[in-house]
Amino acid sequence: MSRKPQIILSSLDLDRIEALLAAIPASVFPGKADLEAELDRADVVEPAQIPPNVVTMNSTVQFEILETRQDFRLTLVYPRDIDGSADRVSIFAPVGSALLGLSVGDELAWPGPGGKIMTVRVTGILYQPESAGELHR
Numbered sequence: 002m003s004r005k006p007q008i009i010l011s012s013l014d015l016d017r018i019e020a021l022l023a024a025i026p027a028s029v030f031p032g033k034a035d036l037e038a039e040l041d042r043a044d045v046v047e048p049a050q051i052p053p054n055v056v057t058m059n060s061t062v063q064f065e066i067l068e069t070r071q072d073f074r075l076t077l078v079y080p081r082d083i084d085g086s087a088d089r090v091s092i093f094a095p096v097g098s099a100l101l102g103l104s105v106g107d108e109l110a111w112p113g114p115g116g117k118i119m120t121v122r123v124t125g126i127l128y129q130p131e132s133a134g135e136l137h138r
């Protein structure tokens, strides 16, 4: 297993995600333990200190899944912001959990649907609230 890339989270995102996780039983969210482990190993910084090449909540990310060679462009959102549009992914979806905190160029193997491992590689960040000055979205 390759070493996992370092992940960087904003303190605001971390607080919000931890509050959501506290309210969800693992039976409803199979990836809960994996996501909690990612949060535990993250470097946590103030929103203003987030580098512009890091995936944060509400970032629009260009990435590929290496196993299928598919490219995606999705915005990482909280579950309440999933409105059925195809261009959003929840932090609680496997891809969403995998993307959070990665930097452009990083790849991370993550358990996907059906338990198959998928490897997500971030190829670009099209929008990031922190670098746009929206520190409290």
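In the working numbering, each number is its position in the sequence shown, counted from 1, plus 1.
Glycine included, C-beta positions come from ideal geometry on N, C-alpha and C.
Continuous alpha helix (DSSP H) stretch holding residue i: start and end
{"i": "D140", "result": "Residue 140 is absent from the structure shown; the chain starts at 2 and stops at 138."}
Under the three-state DSSP convention, the category residue i falls into
{"i": "G97", "result": "helix"}
{"i": "Q63", "result": "strand"}
{"i": "D72", "result": "strand"}
{"i": "P6", "result": "coil"}
{"i": "G106", "result": "coil"}
{"i": "G134", "result": "coil"}
{"i": "P112", "result": "strand"}
Opening and closing residue of the beta strand (DSSP E) in which residue i lies
{"i": "L36", "result": "No beta strand (DSSP E) holds L36; the alpha helix (DSSP H) holding it covers 33-42."}
{"i": "S91", "result": "89-91"}
{"i": "T119", "result": "Note on residue identity: the sequence assigns Met, not Thr, to residue 119. That run of the beta strand (DSSP E) goes 118-128."}
Cβ shell of residue i (< 7 Å), same chain only, five flanking positions each side left out
{"i": "Y128", "result": "S60, T61"}
{"i": "R83", "result": "For clarity, residue 83 is Ile in the given sequence; the question names Arg instead. If we look at I83 and ignore the five residues flanking it on each side, its Cβ neighbours are R89, S91."}
Proximity to residue i [Cα-Cα], best of the options
{"i": "G106", "options": "E19, A34, Q63, E47", "result": "Q63"}
{"i": "L36", "options": "A20, L75, L67, I51", "result": "A20"}
Residues near residue i by beta carbon distance below 6 Å, same chain, minus five either side
{"i": "I25", "result": "none"}
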